[in-house]
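Scroll down for the structure; my scribbles are underneath it.
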Amino acid sequence: MKPTVYIETTIPSLLTAWPSGDLQIASQQVATREWWETRRQAFELFASADVLDEARRGDAEAASRRLAVLDECRILAATLEAQALTKRILATGLIPSRAATDAAHIGLAAAHGMDFLLTWNCRHIHNAFIVRRLAGVCAAMGFSLPVLCTPLELMANYPET
5 MKPTVYIETT IPSLLTAWPS GDLQIASQQV ATREWWETRR QAFELFASAD VLDEARRGDA
65 EAASRRLAVL DECRILAATL EAQALTKRIL ATGLIPSRAA TDAAHIGLAA AHGMDFLLTW
125 NCRHIHNAFI VRRLAGVCAA MGFSLPVLCT PLELMANYPE T
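Note that my numbering has the sequence shown beginning at 5, numbered continuously upward.
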């Protein structure tokens, strides 16, 4: 059985965007494309209705490209457990209410037992200052926090297929 990975919205966004002139974003785009082209086959890919909603926003042509990438992902149901975990995460203040969808990504991935949550969102999701506390919140509700990582980290630590 392949490991599972929840694809957060930054992944299809960077994967399908025009090359950026910003060096940091450009390097994220390169790493995302490399992971997608060389490693994604080693994983079962999942996303959520929240990811689809976010991917639909903005320019119609860009949204179409993002949604085409997400066609490879199975969509996780917004279960009562995932909703309860999301509410608990938000109640801690670890993720601000204005970023409720980021908490929902974590809640869905944890409630569905994902092995990894792949993201470039290092402000509210893959944030070293909150990861231990997020793991504690998940554990208190009977879930394990998926490994929060970027494509670059997942490539460095997972063998090429």
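Glycine included, C-beta positions come from ideal geometry on N, C-alpha and C. Everything numeric in this text was worked out from a predicted model, so none of it was measured.
Buried versus exposed call for residue i [16 or more other C-beta atoms within 10 Å across all chains shown]
{"i": "W39", "result": "buried"}
{"i": "T14", "result": "buried"}
{"i": "R70", "result": "buried"}
{"i": "C126", "result": "exposed"}
{"i": "D75", "result": "exposed"}
{"i": "D63", "result": "exposed"}
{"i": "G12", "result": "Going by the sequence as given, residue 12 is Glu instead of Gly. E12 comes out buried."}
{"i": "T42", "result": "exposed"}
{"i": "T36", "result": "buried"}
{"i": "F133", "result": "exposed"}
{"i": "D26", "result": "exposed"}
{"i": "A59", "result": "buried"}
{"i": "Q28", "result": "exposed"}
{"i": "R44", "result": "buried"}
{"i": "S52", "result": "buried"}
{"i": "S17", "result": "buried"}
{"i": "P100", "result": "exposed"}
Cβ-Cβ separation, residue j to residue i (assumed contact under 8 Å), whole Å
{"i": "A107", "j": "L94", "result": "5 Å"}
{"i": "M145", "j": "R92", "result": "6 Å"}
{"i": "L80", "j": "L112", "result": "5 Å"}
{"i": "T7", "j": "F120", "result": "Note on identity: in this sequence residue 7 is Pro, with Thr being the wrong assignment. Confirmed, about 7 Å."}
{"i": "P23", "j": "Q33", "result": "6 Å"}
{"i": "T96", "j": "V141", "result": "6 Å"}
{"i": "H128", "j": "A103", "result": "5 Å"}
Bridge partner(s) assigned by DSSP for residue i
{"i": "F50", "result": "Y10, R78"}
{"i": "L152", "result": "L121"}
Any non-hydrogen atom of the ligand SAH closer than 7 Å to residue i Cβ
{"i": "L74", "result": "Among the components of this structure there are no ligands whatsoever, and the ligand SAH is therefore not found."}
Residue ranges of each beta strand (DSSP E) run of no fewer than 3 residues wholly in the stretch 114-145, ordered along the chain? 120-122
Three or more C-beta pairs below 8 Å linking the stretch 110-121 and the stretch 77-93: yes
Which runs of the alpha helix (DSSP H), 4 residues or longer, sit entirely within the stretch 85-112? none
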